[in-house]
Amino acid sequence: MKRLMALVLALLMLAAVGCGGAKSGGSGSGTIKIGVIAPMTGDVKTFGDSTKNGFELAIEQAGKKAGNIAIETVIGDDRNDPTEGVNIATKFITQDGVKAIVGSVSSKVSIPVGEVANANKVIMITGTSTNTKVTVDDKGNVKPYVFRACFIDPFQGAVGAKFALNNLKVKSAAVLYDKGNDYTVGLAEEFKKNFEKGGGKVVAMETYGKDDTDFSAVLTKVAGAKPDFLYLPDYYNKVSLIAKQAKSKGLNVPMMGGDGWDSGDLDFATMDGQYFTNHYSDKDTRPEVKKFVDSYKAKYGAVPDALAALAYDATTLLIEAIKKADSNDPAQIQKAMAGLKDVTTVSGKVSFDKFNNPVKSAAILKVKADKTYEFVTTVAP
Amino acid sequence: MTQLLDQLLNGLQLGFVYALIALGYTMVYGIVRLINFAHGDVFMVGAFLGYFGFGVWGLPWPVAILISMVGCALLGVTIERLAYRPLRDKGAPRIAALITAIGVSLFLEYFASLKFVFGPNFRVVTRPFADKQWMLGGVAISNVQVLIIGVVAVILAVLLFIVYRTKMGKAMRAVSYDQDAARLMGINVNQVITFTFAIGSALAAVAGVLFAIAYPQIFPFMGIMPGLKAFTAAVLGGIGNIPGAVLGALIMGQAEVLTAGYLTTNYRDAIAFSILILVLLVKPAGLLGKAGPEKV
Numbered sequence: 004m005k006r007l008m009a010l011v012l013a014l015l016m017l018a019a020v021g022c023g024g025a026k027s028g029g030s031g032s033g034t035i036k037i038g039v040i041a042p043m044t045g046d047v048k049t050f051g052d053s054t055k056n057g058f059e060l061a062i063e064q065a066g067k068k069a070g071n072i073a074i075e076t077v078i079g080d081d082r083n084d085p086t087e088g089v090n091i092a093t094k095f096i097t098q099d100g101v102k103a104i105v106g107s108v109s110s111k112v113s114i115p116v117g118e119v120a121n122a123n124k125v126i127m128i129t130g131t132s133t134n135t136k137v138t139v140d141d142k143g144n145v146k147p148y149v150f151r152a153c154f155i156d157p158f159q160g161a162v163g164a165k166f167a168l169n170n171l172k173v174k175s176a177a178v179l180y181d182k183g184n185d186y187t188v189g190l191a192e193e194f195k196k197n198f199e200k201g202g203g204k205v206v207a208m209e210t211y212g213k214d215d216t217d218f219s220a221v222l223t224k225v226a227g228a229k230p231d232f233l234y235l236p237d238y239y240n241k242v243s244l245i246a247k248q249a250k251s252k253g254l255n256v257p258m259m260g261g262d263g264w265d266s267g268d269l270d271f272a273t274m275d276g277q278y279f280t281n282h283y284s285d286k287d288t289r290p291e292v293k294k295f296v297d298s299y300k301a302k303y304g305a306v307p308d309a310l311a312a313l314a315y316d317a318t319t320l321l322i323e324a325i326k327k328a329d330s331n332d333p334a335q336i337q338k339a340m341a342g343l344k345d346v347t348t349v350s351g352k353v354s355f356d357k358f359n360n361p362v363k364s365a366a367i368l369k370v371k372a373d374k375t376y377e378f379v380t381t382v383a384p
Numbered sequence: 062m063t064q065l066l067d068q069l070l071n072g073l074q075l076g077f078v079y080a081l082i083a084l085g086y087t088m089v090y091g092i093v094r095l096i097n098f099a100h101g102d103v104f105m106v107g108a109f110l111g112y113f114g115f116g117v118w119g120l121p122w123p124v125a126i127l128i129s130m131v132g133c134a135l136l137g138v139t140i141e142r143l144a145y146r147p148l149r150d151k152g153a154p155r156i157a158a159l160i161t162a163i164g165v166s167l168f169l170e171y172f173a174s175l176k177f178v179f180g181p182n183f184r185v186v187t188r189p190f191a192d193k194q195w196m197l198g199g200v201a202i203s204n205v206q207v208l209i210i211g212v213v214a215v216i217l218a219v220l221l222f223i224v225y226r227t228k229m230g231k232a233m234r235a236v237s238y239d240q241d242a243a244r245l246m247g248i249n250v251n252q253v254i255t256f257t258f259a260i261g262s263a264l265a266a267v268a269g270v271l272f273a274i275a276y277p278q279i280f281p282f283m284g285i286m287p288g289l290k291a292f293t294a295a296v297l298g299g300i301g302n303i304p305g306a307v308l309g310a311l312i313m314g315q316a317e318v319l320t321a322g323y324l325t326t327n328y329r330d331a332i333a334f335s336i337l338i339l340v341l342l343v344k345p346a347g348l349l350g351k352a353g354p355e356k357v
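For the record, the sequence lines run as chains A and Z.
Counting in the working numbering, the first sequence runs from 4 upward without gaps.
Counting in the working numbering, the second sequence runs from 62 upward without gaps.
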């Protein structure tokens, strides 16, 4: 019985390999197959829907071709699960003959998917995964075939410092961050470095734990240092709590944070008038933003969020690279992609640095009590 | 100097909230020798009921506190009836009751997270009154702090009156001293236990509402950390002892705030729990607890 099973399995495997070979041979010269991997069911379903919409809009606007190369698409749902993401990527590459992947959304899925893509020499570009490890392996070497369209976590700290110094004209700042979260640590440290480099003074650098709800002691201490500005690089629920308690300790100073504030569950009444860095604003007046927002609204009947914009940008960058390479060979596209200079996208002008991360500006948004954001400005790196 | 006073006030605020929760732990332990791990979650339900009261239904906040107290008292009694009493009647070992308590705690947390109950999301609590602050000799006192300290002081006075000046209080002390002898003296032990759960849960409800007003954000798992800290406070003061719970809670509050204010927040919980270990090494029964032979 066991032997029979082994035989059947072996035959199945052979069949699978045979199929893969046949299909990948099928996509001849002049066409390229692009796969999108996104969580279209599960806990972050809306992220996946936005990503797929942004991807399809970009392909449609390009007329389903990049220069002389025709584009075919396949779609995969990873359910925000790393294992599922790897399965889909493997299926895309070995069976569907996919040469480039757009996705996934979460860093936890994009990291293993990127490993698969890089090992198979297939291009991957993610719109929204901000973890540095997506494009860089554990030894600090870049994964040449993996790119992203969003800025990485530490960059927001640098932009925040620049905005505080140049636009808000503050001289001293206090930073509060969660010591156990790479995201907030990255933003906080980068803010401090750049704020001090720009001539500002960081008068307090305080940490807390992720379960803390009482910040009275830390805030009394911070208030004693009399900062002009508070930098709070945590997610929306924590900063709402901190800001409320900060005000009751007499800290009525401007506050700022990162894209973790971007949620409908932010305490808008408390955070009214405070700033945060984000990837893009749908109220930006640049023509490419207007065109994107209008066509997205016309097609899907909703205002595009940052995820849709970044997926759109990732797809646009990929199409640009294919056009420039004028080939469907991933090795050629990879070279073209790495050499892209100042491509105009919805979230800013993009060039890639040596770690395949985009160098581009960030949008600064101001929170308003009526649950909307006011677009303030963009800050270049 | 004024900053030290500010910090002591912060500690007092935190300690008083812990005290209300710690009282529930200590009273239930005193009567049935059970560590009611679901107590932190009753606190959570209290916070939600208070939030619904003044935030959603638009009631005045004192009424919201009362509704929350009644709701949680009923919840506490129900938990006792359905989960603990059947075990006690069957003479199950104490460890079974303890495991049940953990089960009830998990049930409340995950049941509350369901979409049609409270939902898993964080909710922002809008304070039912405008923030005010007074300066007293350089020390800033907010109306939230005055409210907490005032409400807790009144409730403590009422509780002490019930326990030491009423017939029911006498019965509670008798049951706590010796359950079987109390039963022989004609005390309805089950009724006393029910009453104790009701009082303890109502106190947790007040703590929950005050907590939601002071730290205006609530979610179904908010009871875990305050519950654990309050339990520690009860043990520190001598579990089963009412003034001990308050003393322990005040020490925990000050230890946390002073560590965060003058050392580093990294050691905030570590130092608070180290104090517990040191005290227990010297006085195993807690600061005010009486060491005695274990009753079975």
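Note that CB positions come from ideal geometry on N, CA and C, so glycine has one too.
These figures come from a predicted structure and were not determined experimentally.
Practice problem: Just the C-alpha distance for Gly117 of chain A and Ala268 of chain Z, rounded to the nearest angstrom, thanks. | Solution: Counted from its first residue, the first sequence places residue 117 of chain A at position 114. Counted from its first residue, the second sequence places residue 268 of chain Z at position 207. Approximately 49 Å between the Cα atoms of the pair.
Quiz item: Looking at the C-beta of Lys250 of chain A, does it have a partner C-beta in chain Z at a distance below 9 Å?
Solution: Stepping through the first sequence from its first residue, residue 250 of chain A is reached at position 247. Interface flag for Lys250 of chain A against chain Z is set, since a Cβ pair is found closer than 9 Å.
Quiz item: Cβ of Val205 of chain Z less than 9 Å from any chain A Cβ?
Solution: Working through the second sequence from its first residue, we reach residue 205 of chain Z at position 144. Residue contact check for Val205 of chain Z against chain A: a CB pair falls below 9 Å.
Exercise. Anything in the segment 271 to 284 of chain Z with a Cβ closer than 7 Å to a Cβ of chain A? List those residues in chain order, please.
Key: For the segment 271 to 284 of chain Z, which is checked against every Cβ of chain A, the residues closer than 7 Å are Tyr276, Pro277, Gln278.
Quiz item: Would you say Ser431 of chain A reaches chain Z, if we count a Cβ-Cβ gap shorter than 9 Å as a contact?
Solution: Residue 431 of chain A is absent from the model: chain A starts at 4 and stops at 384.
Practice problem: Check the Cβ-Cβ distances between Lys247 of chain A and every residue of chain Z, and say whether any is below 9 Å. | Solution: Here residue 247 of chain A refers to the residue found at position 244 when the first sequence is read from its first residue. Closer than 9 Å: yes.
Quiz item: From the beta carbon of Asp215 of chain A, is the nearest beta carbon of chain Z less than 9 Å away?
Solution: Position 212 of the first sequence, counted from the start, is the residue given in the question as residue 215 of chain A. Yes, because at least one Cβ of chain Z sits closer than 9 Å to the Cβ of Asp215 of chain A.
Exercise. If I'm right that Gly299 of chain Z touches Leu348 of chain Z with Cβ under 8 Å, what's the distance once you round it to whole angstroms?
Key: For the purposes of this step, residue 299 of chain Z is taken as the residue at position 238 of the second sequence. For the purposes of this step, residue 348 of chain Z is taken as the residue at position 287 of the second sequence. Indeed they touch by this definition, with Cβ atoms about 6 Å apart.
Exercise. Please say whether Glu209 of chain A and Thr326 of chain Z have beta carbons closer to each other than 9 Å?
Key: The count along the second sequence starts at 1 and reaches residue 326 of chain Z at position 265. The count along the first sequence starts at 1 and reaches residue 209 of chain A at position 206. In contact: Thr326 of chain Z and Glu209 of chain A (Cβ atoms closer than 9 Å).
Quiz item: Would Ala310 of chain Z pass as a contact of Gly76 of chain Z if the rule is Cβ separation under 9 Å?
Solution: The residue you call residue 310 of chain Z lines up with position 249 of the second sequence. The residue you call residue 76 of chain Z lines up with position 15 of the second sequence. Yes, they are a contact pair.
Practice problem: Take Val353 of chain A and list the residues in its own chain whose beta-carbon comes closer than 6 Å to its own, dropping the five residues that flank it on each side. | Solution: One-based indexing of the first sequence puts residue 353 of chain A at position 350. Taken in chain order, the residues that qualify are Val346, Pro361, Lys363.
Practice problem: Answer yes or no: do Val337 of chain Z and Val296 of chain Z have a C-beta to C-beta separation smaller than 9 Å? | Solution: What you label residue 337 of chain Z is simply residue 276 of the second sequence in a count that begins at 1. What you label residue 296 of chain Z is simply residue 235 of the second sequence in a count that begins at 1. For the record, residue 337 of chain Z in the displayed sequence is Leu; it is not Val. Their beta carbons are under 9 Å apart, which means Leu337 of chain Z touches Val296 of chain Z by this criterion.
Quiz item: Roughly how many whole angstroms lie between the Cα atoms of Gly29 of chain A and Thr319 of chain A?
Solution: As a first step, residue 29 of chain A is located in the first sequence; it is residue number 26 there, counting from the start. As a first step, residue 319 of chain A is located in the first sequence; it is residue number 316 there, counting from the start. Its pLDDT being 38, under 50, Gly29 of chain A is placed unreliably by the model, and nothing is read from it.
Self-check item: chain A contact residues for Asp192 of chain Z, given Cβ-Cβ distances below 8 Å
Solution: Taking the second sequence and counting its residues from 1, the one referred to as residue 192 of chain Z is at position 131. Neighbours of Asp192 of chain Z in chain A, taken as residues whose beta carbon is under 8 Å from its own, are Lys250, Ser251 in chain order.
Quiz item: Pairing CB atoms from the segment 181 to 197 of chain A with CB atoms from the segment 220 to 229 of chain A, are three or more of them under 8 Å?
Solution: With a cut-off of 8 Å, the segment 220 to 229 of chain A and the segment 181 to 197 of chain A do not count as touching, because too few Cβ pairs lie within range.
Practice problem: Using a Cβ-Cβ cut-off of 9 Å, state whether Glu141 of chain Z counts as contacting chain A. | Solution: Looking up residue 141 of chain Z in the second sequence gives position 80. Not one chain A Cβ lies under 9 Å of Glu141 of chain Z.
Exercise. Might you give, ordered along the chain, the residues of its own chain that have their beta carbon closer than 7 Å to the beta carbon of Leu70 of chain Z, omitting 5 neighbours on each side?
Key: If you number the second sequence from 1, residue 70 of chain Z lands on position 9. Apart from the 5 residues on each side of it in sequence, Leu70 of chain Z sits with its Cβ closer than 7 Å to the Cβ of Val200, Ile202, Gln206 in its chain, given in chain order.
Quiz prompt | Those runs of the alpha helix (DSSP H) which lie wholly inside the segment 158 to 224 of chain A and span at least 4 residues | solution = Counting whole runs of 4 or more residues, the segment 158 to 224 of chain A contains the alpha helix (DSSP H) stretches 185 to 200.
Quiz prompt | Element boundaries [beta strand (DSSP E), containing Thr375 of chain A] | solution = Here residue 375 of chain A refers to the residue found at position 372 of the first sequence. In the DSSP annotation of this structure, Thr375 of chain A is not part of any beta strand (DSSP E), being labelled neither H nor E.
Quiz item: Rounded to the nearest angstrom, how far is the Cβ of Thr129 of chain A from that of Val137 of chain A, given a contact under 8 Å?
Solution: Counting from 1 along the first sequence, the entry for residue 129 of chain A is found at position 126. Counting from 1 along the first sequence, the entry for residue 137 of chain A is found at position 134. Yes, Thr129 of chain A and Val137 of chain A are in contact; Cβ-Cβ is about 6 Å, under 8 Å.
Quiz prompt | Minimum C-alpha distance to Lys182 of chain A - residue among A:Ala92, A:Val112, A:Ser298, A:Pro236 | solution = As a first step, residue 182 of chain A must be located in the first sequence, where it is residue number 179. For the residues A:Ala92, A:Val112, A:Ser298, A:Pro236, the minimum Cα distance to Lys182 of chain A belongs to A:Pro236.
Quiz prompt | For Asp80 of chain A: DSSP bridge partner residues | solution = One-based indexing of the first sequence puts residue 80 of chain A at position 77. For Asp80 of chain A, DSSP records a beta bridge to A:Ala41.
Quiz item: Can you name the start and end residues of the beta strand (DSSP E) that Phe279 of chain A belongs to?
Solution: By one-based count along the first sequence, residue 279 of chain A stands at place 276. Note, Phe279 of chain A: beta strand (DSSP E), 278 to 281.
Self-check item: Sheet register partners of Gln278 of chain Z (DSSP bridge)
Solution: Within the second sequence, numbered from 1, the residue matching residue 278 of chain Z stands at position 217. Gln278 of chain Z is bridged by DSSP to Z:Val185.
Quiz item: What residues are listed by DSSP as bridge partners for Ile72 of chain A?
Solution: Sequence index remark: in the first sequence, residue 72 of chain A carries index 69 (1-based). Under DSSP, the beta-bridge partners assigned to Ile72 of chain A are A:Ala69.
Self-check item: Neighbour list for Gly322 of chain Z in chain A, Cβ cutoff strictly below 8 Å
Solution: Taking the second sequence and counting its residues from 1, the one referred to as residue 322 of chain Z is at position 261. What Gly322 of chain Z touches in chain A: Ala220, Val221, Thr223, Lys224.
Practice problem: Following the continuous alpha helix (DSSP H) through Arg149 of chain Z, name the residue where it begins and the one where it ends. | Solution: Indexing the second sequence from 1 puts residue 149 of chain Z at position 88. In the DSSP assignment, Arg149 of chain Z falls within the unbroken alpha helix (DSSP H) covering 146 to 150.
Quiz item: Which chain A residues are close to Met286 of chain Z, counting only those with a beta carbon under 7 Å from its beta carbon?
Solution: Along the second sequence, one-based indexing puts residue 286 of chain Z at 225. Residues of chain A passing the Cβ test: Asp214.
Self-check item: Cβ shell of Val292 of chain A (< 6 Å), same chain only, five flanking positions each side left out
Solution: Position 289 of the first sequence, counting from 1, holds the residue named residue 292 of chain A. The residues are Val349.
Exercise. With 9 Å as the threshold, decide whether the Cβ of Lys200 of chain A is near any Cβ in chain Z.
Key: Position 197 of the first sequence, counting from 1, holds the residue named residue 200 of chain A. Not flagged as an interface residue toward chain Z: Lys200 of chain A, since no C-beta distance is shorter than 9 Å.
Quiz prompt | Short-range partners of chain A found in the segment 68 to 98 of chain Z, where Cβ spacing is below 8 Å | solution = Cβ contacts with chain A come from Gln68, Asn71, Gly72, Gln74, Leu75.
Self-check item: For Thr347 of chain A, the three-state DSSP class (helix, strand or coil)
Solution: Within the first sequence, numbered from 1, the residue matching residue 347 of chain A stands at position 344. It is a strand residue.
Quiz item: Exposed or buried, Asp275 of chain A, counting other C-beta atoms within 10 Å across all chains shown (16 or more means buried)?
Solution: If you number the first sequence from 1, residue 275 of chain A lands on position 272. Around the beta carbon of Asp275 of chain A, fewer than 16 other beta carbons sit within 10 angstroms, so the residue counts as exposed.
Quiz item: Which two residues bound the contiguous beta strand (DSSP E) that contains Gly106 of chain A?
Solution: Along the first sequence, one-based indexing puts residue 106 of chain A at 103. Gly106 of chain A -> beta strand (DSSP E) spans 103 to 106.
Quiz prompt | Per-residue DSSP class, three states only, for Trp118 of chain Z | solution = The residue you call residue 118 of chain Z lines up with position 57 of the second sequence. In this structure, Trp118 of chain Z counts as coil in the three-state DSSP scheme.
Quiz item: Short check: CB of Phe218 of chain A to CB of Ser175 of chain A, under 9 Å?
Solution: The sequence position of residue 218 of chain A within the first sequence is 215, counting from 1. The sequence position of residue 175 of chain A within the first sequence is 172, counting from 1. With a cutoff of 9 Å on beta-carbon distance, Phe218 of chain A and Ser175 of chain A are scored as not near each other.
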